[in-house]
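When we follow our numbering, the leftmost residue of the sequence shown carries the number -2, and every step to the right adds one.
All residues carry an ideal CB built from backbone N, CA and C; glycine is no exception.
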Amino acid sequence: MGDKNGLIFGVIRALSLLLAAAGQGEIVAPSPAADPWAEATLYRDEWGVPHVYADTPRGLGFAFGWAQAEDHLDDMLMAYRMANGRAAEVLGESWADSDAFSLKMGHARLA
């Protein structure tokens, strides 16, 4: 059964690579010097709810990420620490097992 699963995952991985290679040609990344705020507007209403308006998917992602960071930075940083197996540095020794599990599973490498 294990060999069959390995074969299936191998075929899926190979097909994924082929599909990625057969994409629509060269991918050009946007200039990192370009101002992302030129592509998006973020404002908060009277209840503090963020509203994002964007001209491009890049601008949308930037403004959405900004709003998430404003609202949930502590949670985002803690999730980062947990994925990297470093939560015990902040939360104490009781998190050592969680850190060991994250390191063993390679969460940081997979992210």
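- Taking the continuous alpha helix (DSSP H) assigned at residue 55, which residues delimit it? 54 to 80
- Item | Residue span of the alpha helix (DSSP H) that contains residue 84, given as start and end | Segment: none, residue 84 is in no alpha helix (DSSP H) and carries neither H nor E.
- Query: How do the region 31 to 49 and the region 59 to 71 stand: do at least 3 beta-carbon pairs fall below 8 Å, yes or no?
  - Reply: yes
- Query: Do you know how far the Cα of residue 5 is from the Cα of residue 72?
  - Reply: 36 Å
- Item | For residue 105: DSSP bridge partner residues | Per DSSP, none; premise fails for residue 105.
- Considering residue 33, what are the terminal residues of the beta strand (DSSP E) in which it resides? No beta strand (DSSP E) contains residue 33, which DSSP labels as neither H nor E.
- Message: For a quick check, are the C-beta atoms of residue 93 and residue 85 less than 7 Å apart?
- Response: yes
- Between residue 51 and the rest of its own chain, which residues show a CB-CB distance below 7 Å, the 5 nearest in sequence each way excluded? 36, 37, 57 and 60
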